[in-house]
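The sequence shown begins at 28 in this note's numbering and counts up by one. As structure tokens, the structure follows; a few thoughts come after it.
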Amino acid sequence: MGLPLSYVYLNTQYHAINELSFEDRILKMNLNPDRADVIIPALKIYLLAMKWSGGRNIYVPKIGLADGIIKSLYAGTLT
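Rendered as structure tokens:
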């Protein structure tokens, strides 16, 4: 599990990243094109989930969903 990220931090990052063009997200943030494309909607989802739940912090996993499923299948905890 990763470290907790605060609503304030994520909101600040959302507004900063939202100002960048797709190309700038790739060049300045060193993001892969598939990540540069989805980072803004993903941040918005996290922010809305925190707002609706009243959460001040959120734990963001270090690995992606697909990697987590593969890891669970390998460990035998997911069938």
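In this text, a Cβ means the ideal position worked out from N, Cα and C, and glycines have one as well. Fair warning: this is a prediction, and the values are worked out from it, not measured in the lab.
Going straight from the alpha carbon of residue i to that of residue j, what length do you get?
i   : j    : result
W79 : A69  : 15 Å
I44 : Y101 : 36 Å
N38 : D61  : 21 Å
L47 : Y36  : 17 Å
L74 : P88  : 16 Å
I53 : M77  : 27 Å
If you reduce the DSSP assignment to three classes, tell me which class residue i lands in.
i   : result
N38 : helix
N45 : helix
L74 : helix
Looking at residue i: is its Cβ nearer than 8 Å to the Cβ of residue j?
i   : j   : result
Y41 : R83 : no
L58 : I66 : yes
Measure the beta-carbon distance from residue i to residue j and round it to whole angstroms, keeping in mind my assumption that it falls under 8 Å.
i   : j   : result
P31 : I85 : 7 Å
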